[in-house]
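Chemist:
There are 4 protein chains.
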Amino acid sequence: MTQIRKIINDPLYGFIDVYNDFILSLINDPLFQRLRHIQQLSLSAMVYPGAVHTRFHHSLGVMYLMQLCLDELRRKSIEISELEYESALIVALLHDVGHGPYSHTLEHSLIKEFHHEELSLYVMKQLNEKHQGRLDTAIAIFENSYHRKFFYQLISGAIDVDRMDYLNRDSFYSGVVEGSISVHRLIKMIHVSNDQICFEEKGVLSIENFFFSRKIMYLQVYLHKTVVGLEELMILLFSYLTNHIETFPESFISKHKVLQLLSYSNNKEKTPDLIQTMIHLFFELDDSDVWYLIKDLSSFEHDSIACYLSQCIRNRKIYKSIKNPNEALRKELYEGLNLSETDPKIKPYLLIEKSILFHLYDHKQPTFIKFKDNSLIPFEQHDLMREKQWKNEVYPLSYLYYQPKLK
Amino acid sequence: MTQIRKIINDPLYGFIDVYNDFILSLINDPLFQRLRHIQQLSLSAMVYPGAVHTRFHHSLGVMYLMQLCLDELRRKSIEISELEYESALIVALLHDVGHGPYSHTLEHSLIKEFHHEELSLYVMKQLNEKHQGRLDTAIAIFENSYHRKFFYQLISGAIDVDRMDYLNRDSFYSGVVEGSISVHRLIKMIHVSNDQICFEEKGVLSIENFFFSRKIMYLQVYLHKTVVGLEELMILLFSYLTNHIETFPESFISKHKVLQLLSYSNNKEKTPDLIQTMIHLFFELDDSDVWYLIKDLSSFEHDSIACYLSQCIRNRKIYKSIKNPNEALRKELYEGLNLSETDPKIKPYLLIEKSILFHLYDHKQPTFIKFKDNSLIPFEQHDLMREKQWKNEVYPLSYLYYQPKLK
Amino acid sequence: MTQIRKIINDPLYGFIDVYNDFILSLINDPLFQRLRHIQQLSLSAMVYPGAVHTRFHHSLGVMYLMQLCLDELRRKSIEISELEYESALIVALLHDVGHGPYSHTLEHSLIKEFHHEELSLYVMKQLNEKHQGRLDTAIAIFENSYHRKFFYQLISGAIDVDRMDYLNRDSFYSGVVEGSISVHRLIKMIHVSNDQICFEEKGVLSIENFFFSRKIMYLQVYLHKTVVGLEELMILLFSYLTNHIETFPESFISKHKVLQLLSYSNNKEKTPDLIQTMIHLFFELDDSDVWYLIKDLSSFEHDSIACYLSQCIRNRKIYKSIKNPNEALRKELYEGLNLSETDPKIKPYLLIEKSILFHLYDHKQPTFIKFKDNSLIPFEQHDLMREKQWKNEVYPLSYLYYQPKLK
Amino acid sequence: MTQIRKIINDPLYGFIDVYNDFILSLINDPLFQRLRHIQQLSLSAMVYPGAVHTRFHHSLGVMYLMQLCLDELRRKSIEISELEYESALIVALLHDVGHGPYSHTLEHSLIKEFHHEELSLYVMKQLNEKHQGRLDTAIAIFENSYHRKFFYQLISGAIDVDRMDYLNRDSFYSGVVEGSISVHRLIKMIHVSNDQICFEEKGVLSIENFFFSRKIMYLQVYLHKTVVGLEELMILLFSYLTNHIETFPESFISKHKVLQLLSYSNNKEKTPDLIQTMIHLFFELDDSDVWYLIKDLSSFEHDSIACYLSQCIRNRKIYKSIKNPNEALRKELYEGLNLSETDPKIKPYLLIEKSILFHLYDHKQPTFIKFKDNSLIPFEQHDLMREKQWKNEVYPLSYLYYQPKLK
């Protein structure tokens, strides 16, 4: 570790230390700085005005929590080499570097070919080349090909530093205090046994709290009906744009890199070169490009549908929503839409349905607790838990959105 | 007050109640929603990554604090009519509605003719027309023509709800906890005497704390040397763009509303119609337009100066800074700049000087404390204060920024 | 409401306003001031050193939350008269005034005849007499004889202001952040329908959070194995003292009011006069009397058992504990106790067993949610809940404590 | 460092780690456990009901902050041996172990011969003997005889871990948020230069904030006029008891260890044996002994003065107070006291005067800042400070308390 002493203010954790010069150089790389302009929660800020924090800050927070975990594990005599230590910090820092504008909302709309984690990997490899292989171990951990699997679990498990930071941070910035978790207690309880991340037995209630706080954040924030409604509008808009991009005038497309990407995206056969161009273009984008496009479309007389959808998003013309609609209601609404004064082309966009499944807990990613005799059990088998409660615990959500009138 | 019950989460205050339907309609107006896309602290987020909160949220917070003040004053038997109550809330809500992209940084760069308060007034008048004069009293308060002056002081005094919210909110989001103030204690102490806002005597230390917290926020956040350095680069860029707008290709200008505004701005004679067009254009803009422009300029080969300055801002190529430079140092730096490999046109932009005066306390806006016998004195005359300390208390800051090398 | 403006600092809520002069006089009454010297959590502070807050502060907090509820209900057009308003505040303030030293731990040890709520009622009646019947309505509410039942539910329901304050306050002072609840959100959701306290439907996750936070506070703080172990020692000591009080020298008894109370307590036939004397004596006591006694007993050579138990408590000689002991283990421990060097009289006190049932949710006190169509259902029937999970949800806890060695 | 992992919840800092088994054994020593029953702020809780935290918790907090400082200094390449590290933690833990009941209030009333720091040293030496010299270095640091002086400054300087914890903790528990400081930022700035504790230059505003927060805590909490008034009553009572102890019946004195100590205290000639007995007795005492005595005295008909003063304290019969009284007012009050119905012996106790000097900053203990070139200057010479402001900055407080009527 070098002599630099770079600290970054964080309202959640006080101060985040930057471990060394190399990590500082990764933070300063334009590919990472770009995350300053991508909000963590996309359209949730439309309902929770405080929730405007960025992927940039979240990534720093994940790195901070990773460092706490590593220090705690070392304190418990788990050996972690200097290379592993730095590499784990790097994975934490860069795990979301592949996110594009409006994060999850547009994840499959802008560049269908890749999941954001593949794009993160892409960036890591770019940076690895630039830095003569110093990210080799970080990449191995991220790809889960590193031989000590617990490092991967730290960044990608049921209770990992990524989730810990985002639940905590999203709760903090949205003001939904009931979604807060005790990251510090969870981390005091963390351990490794047989290359498996686990938590000391007396942390069992903290684990339960983690999953119920997660439920609150999903049902109240991420899947808030208004947020979902706006996201659906945006996804609809981008799907429409993709399908009709050839009808847009060249002069308009040339104004918007987002549209250029969509037009490439339509190509049936994608050569490696084209893919390369698309990825390059993708990493030029951030939230401002999408918002700039939506504002421009909202007065774009050339296309009434794109214009209508953009206006809805821009001016927060929120559709009314019905939870768990039945068939009769659905039919009534379809017929009841007052369309006389409306452009008939818009009609299909006045009713939107969306179904989502929320999983409280995923059995494929068990969370283990460790007793003093070093035995491990899935936490749901502890006698303060009710095992059945955690079985197949799925909450289906179904919404019907409709625009009652157009002004 | 009607039966609606609209509450908005706020990490600072818990929940903000929307007082009635009319105020809700103002919040929902596109002119106000626009503030969602204007960050409160402009480029400070480049140093404090948490400080990405918006004018939208700040405005709601100011309205909330205004409501607390009004309730407290009523509790102390100050009569406030229903019309005054609603109007004061409206003034609080709309006081910043005239802010443009990058707030104070670009305040005098985008539209020189008007201060942001004049533009706020412009919007209020627009809304007043739309709502058949319901904002008459609000406008009178904002213009300080309302006969009960204390309402104006609540929104525009040395310790007003605007400052209370922004110090508190900026401290919270930046993580600079030492800048926090106790808004709740200040408001418990608030009173009106002879139409003058004042504070009960036992609040005197809260007042002192307010001014010293303000000092911290100014010197550590708003006027942080890196923030000022980036702001100067942006002001320089916009000044350059304004002066050279005619050299930019029409196709490029037509892509960017910001540039259109700058080109209008250059017109020597401004007809009322042109002014109208400019204002209309101005209110189309938010932070995304400016950032979109900066990103576009950063690869704009047509103009090396605009391109260079944009790259610096975008990629956070921070100049080195020297505090209180002396003449010798200044000279040495000018001569020492290694310009051999650099485009000579950029040379004038490699050294920037900036001087600022920070005022701890403004004697033209005294803050009064009220004794139990109802007498008022300026707080600095209280025996727990040192009057001299508050006299002419000015802190001059002077920075020299230079770019040591160009890559 | 009069012109006084008495505010009390509270780290949880900022400031607590005292509603009027009459309530201020109740707070200043020695019977209420006495609560300053009774800790809220009795021996929990032995494990959570921050949890030293008092019944006094808790009672003020309950009054504060009651005021928030009443204001919210008025905002929702539930009519509440001035008399009801004041009375509800008084009930909240005085609900715990009957608590004695070491609260729940010694509730049945010092004065078996009465539950603390009966003693609270006793004090309220005393104060009512002193104040010419001004507490009539408060007493009716507290006895649940007032015709509008929802007032009683506010202070004594599954989710009432008492529980809200103590969960929140105990969580805050103990530092067990996972036990915190959002009192402000719950109160924003509160409503009355058909004289029944209920919560708006969108508060359903806050209700779930309330019960799971309560589970954490019970299992981690109130029923923490070390806390229970110390409480059992103290109960054992007081039971021993009661049964052997006649063997103590008069001079020792006369030093300690607590012992005088225990000696009265032993009387087989209790005349009304004796009861009166006992109650009077009881209200002279606070935590300091009990601690003073324990310290005195810890060097009391006259009685080796009382001395031993007191030393254990005073010096925190914590017994080892085994959860869910089986018969074999139990037997082994009995036999294994190294008693050779120990006073044989102490032997029965070296092993303690304790079983407790924790109820997650009590079906006899359902919590209702209210839909927009005004229909009510028990919250556990909401589709975001799992009804079965809330059925018969009982957690049995069983501990065996043993003292491995005596020094 | 051993394998134990003992963590203690702290609402301020989250969790406090106990460094090793030896420190755990010190915490478990009855001499340290005794601090659980001594409140940090003595009678301040009478005004700030949340401020009931203990010397026990404060001592743990100081140890925690010491650990943060040591880790930060090691990070900055200041060499600290394992022995120094442990010893510094021990000094922090035990620095207040000599405090008696009601801390500072009764510091000079119970045992005049020693300052609390001498008594802390006494306990350290006791423990050192018990532990075969393991506290040698800790004692050297505490006595400031250790050759590396900066360790002493860490625990006893103008900005030391003791003050940092108590300002922060007292602010937190009292709810006087304006008194909070950023311990974390101060500690990030800490450094050692030439064996002198100093702070990096960019911490200068944190230092200013520290001293102004301290001013708030002193003037608003520690020296709050009601707190001072109650303390004066208590000091008066103890002075009276000391002077009249021989008039109290032996049976009463034998009930109260505090009175036994006072009677020893009266002895003109104190043999080493007597001193030893007194110290031993002193360490038997905690707040409960004093409160138990005050309650007993409040119904002690034998002595009307002791009885009167005790009632005032117990029942919070607060005297009225006048700030900066002038001679005329003083005379008027003396003459105006309605004493006709009062026991004439009480007359001298109905008027109390108290003058205090509060020092904002002590020039004999300068606080240094360190520039990047390693030069040190007193912080008040920094250009963001006003040197004059810190010169001779003394605030005299003068109160006259009087009891207007006796019931």
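Residue numbers (numbering that gives the first Met the number 0), protein chains in the order written: chain B, 0 to 406; chain C, 0 to 406; chain S, 0 to 406; chain P, 0 to 406.
Backbone N, C-alpha and C define an ideal beta-carbon position, used for all residues, glycine too.
Computed from a predicted structure; not experimentally measured.
1) Three-state secondary structure (DSSP) at Y394/P?
2) Pull up the DSSP beta-bridge partners for G13/C, would you.
3) With the cut-off set at 7 Å, would you say H36/S and D194/S are in Cβ contact?
4) From V175/B to P29/P, what distance separates their C-alpha atoms?
5) With hydrogens ignored, establish whether the beta-carbon of S173/S is closer than 6 Å to any heavy atom of the ligand ADP.
6) Could you name the residues of the same chain whose beta carbon sits closer than 8 Å to that of S58/C, not counting the 5 residues immediately before and after it, in chain order?
7) Out of F141/C, D135/C, S250/C, E231/C, state which residue places its alpha-carbon closest to the alpha-carbon of H107/C.
8) Should S287/P be flagged as near chain S, meaning a C-beta pair shorter than 7 Å?
9) How many angstroms separate the CA atom of G99/S from the CA atom of V17/P?
10) If you draw a straight line from the C-alpha of L332/P to the C-alpha of K353/P, how long is it?
11) My parser needs the beta strand (DSSP E) runs of 3 or more residues fully inside the segment 125-199 of chain B; what are they?
12) Mind checking which residues open and close the beta strand (DSSP E) that includes E352/S?
13) Looking at the structure shown, is E321/C part of a helix, part of a strand, or coil, going by DSSP?
14) Just checking my contact of L218/C with A305/C at CB under 8 Å: how many whole Å lie between their CB atoms?
15) Could you tell me which of D161/S, S238/S, S262/S sits nearest to R213/S, measuring between CA atoms?
16) What residue from I15/B, K371/B, I351/B, N8/B has the CA that sits closest to S43/C's CA?
17) Using a Cβ-Cβ cut-off of 7 Å (strictly less than) and excluding sequence neighbours within five positions of N143/C, which residues of its own chain qualify?
18) Since G178/C and I215/C should fall inside the 8 Å C-beta cutoff, what is the C-beta to C-beta distance between them, to a whole number of angstroms?
19) According to DSSP, is F367/B part of a helix, a strand, or is it coil?
20) Are the segment 300-317 of chain C and the segment 344-363 of chain C in contact at 8 Å, needing three or more beta carbon pairs?
21) Whole angstroms is fine: what's the gap from L72/C's alpha carbon to D302/P's?
22) For a contact meaning CB atoms closer than 7 Å, what does N314/S contact in chain P?
23) Could you name the residues of the same chain whose beta carbon sits closer than 7 Å to that of S287/B, not counting the 5 residues immediately before and after it, in chain order?
24) Indicate the three-state DSSP secondary structure (helix, strand or coil) for Y401/S in the structure shown.
25) Which residues, taken in chain order from the segment 122-153 of chain B, show a beta carbon closer than 7 Å to some beta carbon of chain S?
26) So which of F370/P, K322/P, V289/P, K316/P has the shortest CA-CA distance to D407/C?
27) Cβ closer than 8 Å: which chain S residues qualify as neighbours of H183/C?
28) For chain P, check one thing: does any of its Cβ atoms lie closer than 7 Å to the Cβ of P248/S?
29) In the DSSP assignment, find the unbroken beta strand (DSSP E) run with I449/B in it and report its ends.
30) Starting from D28/B, follow the alpha helix (DSSP H) in both directions and report where the run begins and ends.
31) If you drop the 5 nearest sequence neighbours on each side, which residues of the same chain put their C-beta closer than 6 Å to that of L258/P?
32) Taking the alpha helix (DSSP H) that A87/B belongs to, which residues open and close that run?
33) Write down the C-beta distance between V51/C and V289/B rounded to the nearest angstrom, noting that I regard them as a contact closer than 8 Å.
34) Would a check of beta-carbon distances place V191/S closer than 7 Å to chain P?
35) Quick check on the DSSP output: what are the complete alpha helix (DSSP H) runs of length 4 or more inside the segment 241-279 of chain B, in order along the chain?
36) Who are the Cβ neighbours of E300/S in its own chain at under 8 Å, not counting the five residues just before and after it?
Modeler: By the coordinates alone:
1) strand
2) D9/C
3) no
4) 44 Å
5) With respect to the ligand ADP, the structure offers nothing, as it holds no ligand at all.
6) Counting only Cβ-Cβ distances below 8 Å, and skipping sequence neighbours, we find F31, L34, A91, L92, L93, H94, D95, V96.
7) E231/C
8) Yes, because at least one Cβ of chain S sits closer than 7 Å to the Cβ of S287/P.
9) 34 Å
10) Rounded to whole angstroms, L332/P to K353/P spans 16 Å at the Cα level.
11) 189-192, 195-199
12) For E352/S, the enclosing beta strand (DSSP E) has its first and last residue at 350-358.
13) The sequence shown places Ile at residue 321/C, rather than the Glu named in the question. Residue state, collapsed to three classes: strand.
14) That pair is no contact at about 32 Å.
15) D161/S
16) N8/B
17) Within the same chain, and ignoring the five residues on either side of N143/C in sequence, the residues whose Cβ sits closer than 7 Å to its Cβ are Y151.
18) 5 Å
19) Correct three-state label for F367/B: strand.
20) yes
21) 50 Å
22) P29, Q32
23) H36
24) Of the three classes helix, strand and coil, the one that applies to Y401/S here is strand, per DSSP.
25) none
26) Lying outside 0 to 406, the shown extent of chain C, residue 407/C is not represented and no answer is given.
27) For H183/C, the chain S residues whose Cβ falls inside 8 Å of its Cβ are G13, F14, in order along the chain.
28) no
29) Limits of chain B in this structure are 0 at one end and 406 at the other, which puts residue 449/B out of reach.
30) Premise fails: D28/B is in no alpha helix (DSSP H) and is neither H nor E.
31) I252
32) 81-93
33) Not really, about 17 Å apart at Cβ, beyond 8 Å.
34) no
35) Annotation: the segment 241-279 of chain B contains the following complete segments of the alpha helix (DSSP H) (minimum length 4 residues), in chain order: 249-254, 256-264.
36) C306
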